[in-house]
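Enquirer: In my numbering, the protein residues as written are 240 to 405.
All C-beta atoms in this analysis are idealised placements derived from N, C-alpha and C, irrespective of residue type, glycine included.
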Amino acid sequence: MDGGNEHKVSVLFVCLGNICRSPMAEGAFRAAALERGLDCISDSAGTASYHVGSQPDPRAITVASANGIDIAGQSARQIERDDFFRFTHIIALDRANLETLRAKAPRNGNAALAMLMDAVEGRRGEPVADPYYGDLPSFEAAWTTISIGVNAWAERLIRESANIKA
Ligand code: 4NP
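In structure tokens:
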């Protein structure tokens, strides 16, 4: 990220493998931000390294595509130390991954850590269940929750960036 962007909102979505939930969140969030004119960098990563370099799970690609979003070009990567300095927000898809992020966070990192559903009134702390061992309906259910979460984050970040500029 170049020096001119240091205050620009930037969001990293994190799940375990970075092939199911966080790629869907990255894709859905990018669309939600674009729709609202929110100027924001977004990316995704996994806390685990099992799938580094892989394309999203075909079921995630199918469900995203059915919702008009192409995530096929994404490639899995693992969270790294620099992410805690490069991103303003790191958003976990479930509690276990939030705990892993907290354990990995450098003391002087500046990213705010949160869970996806924290931005949704009445659903704070709710996890997005891992659909990996499920079937297509499990991915559809994950998409529905993720979509609600990312739209709420887009709204929240618009309000936050208006406060920063004010
Ligand atoms: P994700 O799903 O964390 O949403 O990408 C998973 C992907 C792979 C595995 C577990 C969860 N795995 O055990 O390989």
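Helix or strand or just coil, what does DSSP make of Ala315?
Expert: For the purposes of this step, residue 315 is taken as residue 76 along the sequence shown, with counting starting at 1. Coil.
Enquirer: When you compare only the Cα positions, how much space is there between Pro370 and Gly388?
Expert: Here residue 370 refers to the residue found at position 131 when the sequence shown is read from its first residue. Here residue 388 refers to the residue found at position 149 when the sequence shown is read from its first residue. Taking the straight line joining both Cα atoms gives about 16 Å.
Enquirer: Within the present structure, is the beta-carbon of Asp333 separated from the nearest heavy atom of ligand 1 by less than 6 Å?
Expert: Taking the first residue of the sequence shown as position 1, residue 333 is located at position 94. No, the Cβ of Asp333 stays beyond 6 Å of every heavy atom of ligand 1.
Enquirer: Excluding the 5 residues flanking Pro305 on each side, which residues of the same chain have their C-beta closer than 7 Å to its C-beta?
Expert: Indexing the sequence shown from 1 puts residue 305 at position 66. Checking the displayed sequence, the identity of residue 305 turns out to be Ala instead of Pro. Nothing meets the Cβ criterion.
Enquirer: Which value, in whole angstroms, describes the spacing of the CA atoms of Ser386 and Phe324?
Expert: Here the question's residue 386 lines up with position 147 in the sequence shown. Here the question's residue 324 lines up with position 85 in the sequence shown. If you take the alpha carbons of Ser386 and Phe324, they lie about 26 Å apart.
Enquirer: Does the region 322-342 come within contact of the region 288-300, defined as at least 3 CB pairs closer than 8 Å?
Expert: No: the two stretches stay apart, fewer than three of their Cβ pairs being nearer than 8 Å.
Enquirer: Quick one: grab the DSSP three-state call for Leu251.
Expert: Position 12 of the sequence shown, counting from 1, holds the residue named residue 251. Here Leu251 sits in strand by DSSP.
Enquirer: So, helix, strand or coil for Ala351, using DSSP?
Expert: What you label residue 351 is simply residue 112 of the sequence shown in a count that begins at 1. Here Ala351 sits in strand by DSSP.
Enquirer: Quick test of the definition: if touching needs 3 or more C-beta pairs under 8 Å, does the region 283-296 touch the region 316-334?
Expert: At 8 Å Cβ cutoff, the stretches touch.
Enquirer: Could you tell me which of His328, Ala271, Ser288 sits nearest to Ala315, measuring between CA atoms?
Expert: Taking the first residue of the sequence shown as position 1, residue 315 is located at position 76. Here the closest residue by C-alpha is Ser288.
Enquirer: From Asp278 to Val367, what does the alpha carbon distance come to, in whole angstroms?
Expert: In the sequence shown, the residue the question calls residue 278 occupies position 39. In the sequence shown, the residue the question calls residue 367 occupies position 128. Their Cα atoms are separated by approximately 26 Å.
Enquirer: Using alpha carbons as the reference points, say which of Arg398, Glu265, Gly292, Ala380 lies closest to Ile329.
Expert: By 1-based counting over the sequence shown, the position of residue 329 is 90. Considering only alpha carbons, the answer is Glu265.
Enquirer: In its own chain, which residues sit with a C-beta less than 8 Å from the C-beta of Glu399, not counting the 5 before and 5 after it?
Expert: Locating residue 399 in the sequence shown gives position 160, counting from the first residue. Correct list, in chain order: Val248.
Enquirer: Can you check which of these residues, Ala401, Leu396, Ala358, is closest to Thr384 by C-alpha distance?
Expert: Against the sequence shown, residue 384 aligns to sequence position 145. When only C-alpha atoms are compared, the closest one is Ala358.
Enquirer: So is the beta-carbon of Ile318 under 6 Å away from any non-hydrogen atom of ligand 1?
Expert: Residue 318 sits at position 79 when you count from the first residue of the sequence shown. For ligand 1, not one heavy atom lies less than 6 Å from the Cβ of Ile318.
Enquirer: Quick one: is the Cβ of Ile385 within less than 6 Å of any heavy atom of ligand 1?
Expert: Within the sequence shown, residue 385 is the residue found at index 146, counting from 1. The answer is no for Ile385.
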